[in-house]
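Chains as they are written, first to last, in the working numbering: chain U, 32 to 571; chain X, 57 to 393. Cβ atoms here follow ideal geometry from the backbone N, Cα and C, with glycine treated the same way.
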Amino acid sequence: MKRRDFLKSVSGLAAGATLPAMPQVVSSAYADARSETLLIVSEGGPNNLDIHGVGTNVPGYEVSWNCYDRLISHEMKVGPGGVPYYDRDKFKPELAEEFKIDDMSVTFKLRKNAKFHDGTPVTAKDVKWSLDRAVSVGGFPTFQMSAGSLTKPEQFVVIDDHTVRVDFLKKDRLTVPDLAVIVPCIVNSELVKKNANEKDPWGLEFTKQQTAGSGAYKVTKWTAGTEVIMERNEDWVCGPLPKIKRVIWRMVPQAGNRRALLERGDADISYELPNKDFQEMKASGKLNVVSLPFSNGIQYIGMNVTKPPFDNPKVRQAVAYALPYQKIMDAVMFGLANPMFGAAKDKPTEVAWPQPHKYNTDIEKAKTLMAEAGLAGGFETTISFDLNFAGVNEPLCVLVQESLAQIGIKTTINKVPGANWRTELNKKEMPLFTNVFSGWLDYPEYFFYWCYHGNNSVFNTMSYKSAEMDKLIDGARTAAATGDMATYDTDVKGFVDLAYTDIPRIPLYQPFVNVAMQKNISGYQYWFHRRLDYRAMAKG
Amino acid sequence: MLTMIGKRLMFAIPSLIGVVIVTFLLTRALPGDPAAYFAGPAATKEAVEQIRKKLGLDKPLIEQFFRYTNDLAHGDFGNSLTTGQPVAAEIRNRLPASAELTLLGLIVSIVIAIPLGVLAATRPGSWIDHLCRITTTAGVSLPVFFTGLVLVYFFYFRLGWSPAPLGRLDVFYSAPQTVTGFYLIDTLIARDFEAFRSALSQLILPATTLAIFSLAPIARMTRASMLAVLSSEFVRTARASGLSPATVIVTYAFRNAMLPVITTLSMVFSFLLGANVLMEKVFAWPGIGSYAVEALISSDFAPVQGFVLTMAVMYVLLNLVIDILYGVIDPRVRLEG
């Protein structure tokens, strides 16, 4: 029997079996529920409902963003393609009614009618307790707070029941923006304290399982790895009441099935699909596909500059001339990325990040540089990537391998399991690798501070150290804090130029966030965290 | 009978202790550092150390082991870091999902495979024998996830007969109150027939996929075993005594051919239960297979240990049930036991 015949016979069999379920009786309650419910399908779900928790994953951030309020948030502006995009420079009050920025502090007046989900009013002591918690629990939240020079509980001062002051440790342009990220969310302190114990003074075990906030949504059911159900908080006062009453978020591990669910109209929104699927869905026009660049994000090829042969800038430049940039854009990204290469020779450096470098695929030039470095015969090395993002990384590395072979660099591909990737990065021993970095705070000096500064953070994956670079980065940070924009501009241009001549990491492209949704879904907004904000969305 | 069960359970204890030790050591030997993984992408070295301390991973291995066994003795399997839930509760919730699917798949498979095998054995070389051979070969040679995807593609995406492959129930039905954990039974107990139909229609495609895959061993084993029995002397005697063919085949031959089939069934069942990981991925099924694999990918020790331990216990129990069934089917086994 041929496979085709076999399939036919099996389909016949299954068809018989499916019959009893076929005439779907749709009750009217069912139809109503559908029109006010948003059904989201994605690959992974949260592992913790509280961003302050130990090891909360990225889907967990989405829950936190929608179920908790912050003192302030960002205004929206019109982004690329007319899609609402958060405005980096404009803040709006959220839980605060108004706020005033002084020289060395910022004072927030809280909304008097704001209540937590259990009905207790939100007061200044909740705010203080929550911010204390964020700077004290350790791990990611504390790290993120410190990025804005928020490190000590003494910085948060209760003035009266509805007034809180945040004192600055030093002048830092990132302090106020850091109060609008996901981490400084306001938690119901009385409720959590009741459920805390000596071993767990901040009640992390309690908030892991349930939301204790004042946000526009509250989690009513969470089955880890399966689904999250959120209901609208009818008493939310920090903005207009959201239109979506209920959000059902289901985990569907199979990308093909997520696409089928969208195309059949059963699911409303999905992300995390392969680029090829997004591109095809875009072309077919049945669904709305939004593609926006990651703010402050770049996929790059990194080289370990502490060890030969990549300690030689000529070799690094040779690699930069040998990479198959355009092929990667076409065959791996299907055009869904902003190129970060091949800027015109005479294009002046801008005070912006990310911006394209001037390297282009030029094998002859790469060969000359290799010869100048005394390595005309080439060498052998390994190129590593994170298997968690194999969909992009694997074809990308194969293309790079092919290209580098042309200038005599023989590479073996090293696939690192996701669980192991961070450990490997931390060791700083991989000679050649590809990775993505993107910062929540969209400032060039923020990116460079983590990725190029000699204090050698985890993200300085190349172990790059240069006194000149450090001077420029520190200079830009100080200049930004004091408002000395002329120095700031020169320093930013300076460090971008230096990063591109020394080229320890070679930017490839700025990836896109892709979200596919039904035509009747409106109100998608792009946020720095790249997750969904249900509050603005509507159906129908 | 009771002494036999008691004896068997006693014998199982050393193997369970072995399983506990081996899984503990194996999970520790895995590459990857859970502390670095759960500290998140933006963690500093200090943050990773803080997490390591919180997870108790800074302690010596032997102390970690004693703590683990002590917790086990109190029924505490530890907490999963990927899902954030206690492992014992997760397994309790997820095992019925896998078991319901596997059992239904197995029942469908038995209903088709055993008659097919018996018919093939009674008419060797006929069209039905060929049909049996071809169906089973085709079924076993197609990988489960492939069959699953093909079925989803036709019956959900193309034809729209089947509901969306979104797990055990349509998203707008709420799960019935848990009595057995099997939705088909619980919905009936709750007299919620709409939910029952939804649960059944969600089950049909994945169960069919599993059934297609498991047809082969059952049908082939039935056929082989029937052939052997049918050519034996007591069958010839029965035939010679003028008993009707139906009596000969069903009462005499089939019962005697059952033993190897039962053994195969137990193997197929345990194999399916552990191996339907891919199915659970295709149908977004909240079972234990996908749970264990996700935990393994993120170096999450507790669920992996819990999963292996649960499976070991299930194997022990399953073997016990099979041994008892042997006794029921074949009195000789009972006497010897």
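- request: For the alpha helix (DSSP H) holding Ile245/X, just list the boundary residues, first then last.
  value: The sequence position of residue 245/X within the second sequence is 189, counting from 1. Where Ile245/X is concerned, the enclosing alpha helix (DSSP H) stretches over 239-245.
- request: Tell me, please, which residues DSSP counts as bridged to Val109/U.
  value: One-based indexing of the first sequence puts residue 109/U at position 78. Pro115/U, per the DSSP bridge assignment.
- request: From the DSSP output, in three-state form, read off Leu205/U for me.
  value: The count along the first sequence starts at 1 and reaches residue 205/U at position 174. The answer is coil: DSSP assigns Leu205/U none of H, G, I, E or B.
message: Counting only C-beta atoms, is Leu222/X closer than 7 Å to chain U at any point?
response: Along the second sequence, one-based indexing puts residue 222/X at 166. At least one chain U Cβ lies under 7 Å of Leu222/X.
message: So that I know if they touch, is there some Cβ in chain U lying closer than 7 Å to that of Ile394/X?
response: Chain X is shown only over 57 to 393; residue 394/X falls outside these bounds and no answer can be derived.
- prompt: What does Thr257/U touch in chain X if you count any residue whose Cβ is under 7 Å from its own?
  reply: As a working mapping, residue 257/U is identified with position 226 in the first sequence. The answer, in chain order, is Gly223, Pro342.
query: Under a CB-based cut-off of 7 Å, is Gln285/U close to chain X?
result: Here the question's residue 285/U lines up with position 254 in the first sequence. Chain X contact via Cβ: present.
query: Cβ of Glu303/U within 7 Å of Cβ of Ser95/U?
result: Here residue 303/U is taken as the residue at index 272 of the first sequence, counted from 1. Here residue 95/U is taken as the residue at index 64 of the first sequence, counted from 1. In this structure, Ser95/U does not lie closer than 7 Å to Glu303/U by Cβ.
message: Do Tyr356/U and Phe372/U have their beta-carbon atoms positioned less than 7 Å apart in this structure?
response: Residue numbering aside, residue 372/U sits at position 341 when the first sequence is read from its first letter. Residue numbering aside, residue 356/U sits at position 325 when the first sequence is read from its first letter. A contact, by the Cβ cut-off of 7 Å.
Supposed contact pair Gly173/X and Ile274/X - C-beta distance, whole angstroms, cut 8 Å: In the second sequence, the residue the question calls residue 274/X occupies position 218. In the second sequence, the residue the question calls residue 173/X occupies position 117. The pair is a contact, with the Cβ atoms about 7 Å apart (cut-off 8 Å).
message: For a contact defined as C-beta to C-beta under 8 Å, what are the partners of Thr254/U on chain X?
response: The residue you call residue 254/U lines up with position 223 of the first sequence. Residues of chain X passing the Cβ test: Asn149, Pro342.
message: If you reduce the DSSP assignment to three classes, tell me which class Met277/X lands in.
response: Taking the second sequence and counting its residues from 1, one reaches residue 277/X at position 221. Helix at Met277/X.
- prompt: What does Ser346/X touch in chain U if you count any residue whose Cβ is under 9 Å from its own?
  reply: Here residue 346/X is taken as the residue at index 290 of the second sequence, counted from 1. Result: Gly256, Pro284.
Leu418/U versus Val489/U, Thr465/U, Tyr483/U, residue with shortest Cα-Cα distance: By 1-based counting over the first sequence, the position of residue 418/U is 387. When each option's Cα is compared against that of Leu418/U, the closest is Thr465/U.
query: Where does Gln648/U sit, in a helix, a strand or coil, going by DSSP?
result: The question about residue 648/U has no answer here: the residues shown for chain U are numbered 32 through 571.
query: For Ala348/X versus Phe363/X, is the C-beta spacing smaller than 7 Å?
result: Residue numbering aside, residue 348/X sits at position 292 when the second sequence is read from its first letter. Residue numbering aside, residue 363/X sits at position 307 when the second sequence is read from its first letter. Yes.
- prompt: Quick one: Cα of Ser488/U to Cα of Gly179/U, how far?
  reply: Numbered from 1 along the first sequence, position 457 holds the residue referred to as residue 488/U. Numbered from 1 along the first sequence, position 148 holds the residue referred to as residue 179/U. Spanning the two alpha carbons is a distance of roughly 16 Å.
message: Given this structure, state the Cα-to-Cα distance separating Asp81/U from Gln241/U, to the nearest angstrom.
response: To locate residue 81/U, count along the first sequence from 1; it is residue 50. To locate residue 241/U, count along the first sequence from 1; it is residue 210. Asp81/U and Gln241/U: Cα-Cα distance of roughly 8 Å.
Minimum Cβ-Cβ distance from Leu292/U to chain X less than 7 Å: Reading the first sequence from its first residue, position 261 is the one you call residue 292/U. Yes, its Cβ sits closer than 7 Å to a Cβ of chain X.
message: Judging by CA-CA distance, which residue of Trp384/U, Ser497/U, Gly328/U is the nearest neighbour of Val467/U?
response: Within the first sequence, residue 467/U is the residue found at index 436, counting from 1. Checking every option, the nearest Cα to that of Val467/U belongs to Gly328/U.
query: Thinking C-beta only, is Pro305/U closer than 7 Å to Gly449/U?
result: Counting from one through the first sequence, the residue named residue 449/U turns up at place 418. Counting from one through the first sequence, the residue named residue 305/U turns up at place 274. No, Cβ-Cβ distance for Gly449/U and Pro305/U is not below 7 Å.
task: Please name the residue or residues paired with Cys216/U in a DSSP beta bridge.
output: Residue numbering aside, residue 216/U sits at position 185 when the first sequence is read from its first letter. BP columns for Cys216/U point to Arg101/U.
field: N-terminal and C-terminal residue of the beta strand (DSSP E) that Ala144/X is part of
entry: Residue numbering aside, residue 144/X sits at position 88 when the second sequence is read from its first letter. Segment 143-178 is the alpha helix (DSSP H) holding Ala144/X; no beta strand (DSSP E) there.
message: Can you confirm whether Val85/U, when its beta carbon is compared against all beta carbons of chain X, has any partner nearer than 7 Å?
response: Counted from its first residue, the first sequence places residue 85/U at position 54. Judged by the 7 Å Cβ criterion, Val85/U is in contact with chain X.
- prompt: How about Val207/U and Arg196/U: are their beta carbons less than 7 Å apart?
  reply: In the first sequence, counting from the first residue as 1, residue 207/U sits at position 176. In the first sequence, counting from the first residue as 1, residue 196/U sits at position 165. No, they are not a contact pair.
task: Could you check what DSSP says for Glu403/U in three-state terms: helix, strand or coil?
output: As a position in the first sequence, residue 403/U is number 372, starting the count at 1. Helix.
query: Does Thr454/U come within less than 7 Å of chain X when only Cβ atoms are used?
result: On the first sequence, position 423 is the one that residue 454/U refers to. Output row for Thr454/U: interface = yes.
Min CB distance Leu82/X to chain U below 7 Å: Start at 1 with the first residue of the second sequence, and residue 82/X comes out as number 26. Not closer than 7 Å to any Cβ of chain U, the Cβ of Leu82/X fails to qualify, so no.
- request: Counting only the same chain and skipping the five closest in sequence on each side, list residues whose C-beta sits under 6 Å from that of Cys188/X.
  value: In the second sequence, counting from the first residue as 1, residue 188/X sits at position 132. The answer, listed in chain order, is Leu172, Ala176, Ala275.
task: Please report the Cβ distance between Tyr382/X and Leu321/X, rounded to the nearest whole angstrom; I am assuming they are in contact, meaning their Cβ atoms lie under 8 Å.
output: In the second sequence, residue 382/X corresponds to position 326, counting from 1. In the second sequence, residue 321/X corresponds to position 265, counting from 1. Tyr382/X to Leu321/X, Cβ: 12 Å. No contact.
task: Report all residues from its chain with a CB closer than 7 Å to the CB of Arg108/X; omit the five preceding and five following residues, and keep chain order.
output: Counted from its first residue, the second sequence places residue 108/X at position 52. Cβ neighbours of Arg108/X beyond the five flanking positions: Ala91, Asp114.
query: By the 10 Å Cβ neighbour count, where 16 or more other Cβ atoms means buried, how is Arg179/X classified, buried or exposed?
result: As a working mapping, residue 179/X is identified with position 123 in the second sequence. Label assigned to Arg179/X: exposed.
field: Among Phe80/X, Ala103/X, Val104/X, nearest to Arg123/X - alpha-carbon criterion
entry: Here residue 123/X refers to the residue found at position 67 when the second sequence is read from its first residue. Among Phe80/X, Ala103/X, Val104/X, the Cα nearest to that of Arg123/X is on Phe80/X.
query: Out of Glu106/U, Gly86/U, Asn97/U, which has the shortest C-alpha to C-alpha gap to Leu137/X?
result: Indexing the second sequence from 1 puts residue 137/X at position 81. Checking every option, the nearest Cα to that of Leu137/X belongs to Gly86/U.
message: I want to verify the contact list: residues of chain X whose CB lies under 9 Å from the CB of Arg119/U, in sequence order.
response: In the first sequence, counting from the first residue as 1, residue 119/U sits at position 88. In chain order: nothing, as chain X lies at least about 19 Å away.
- request: Could you tell me if His186/X is buried or exposed, where buried requires 16 or more neighbouring beta carbons within 10 angstroms of its beta carbon?
  value: In the second sequence, counting from the first residue as 1, residue 186/X sits at position 130. By the 10 Å Cβ count, His186/X comes out exposed.
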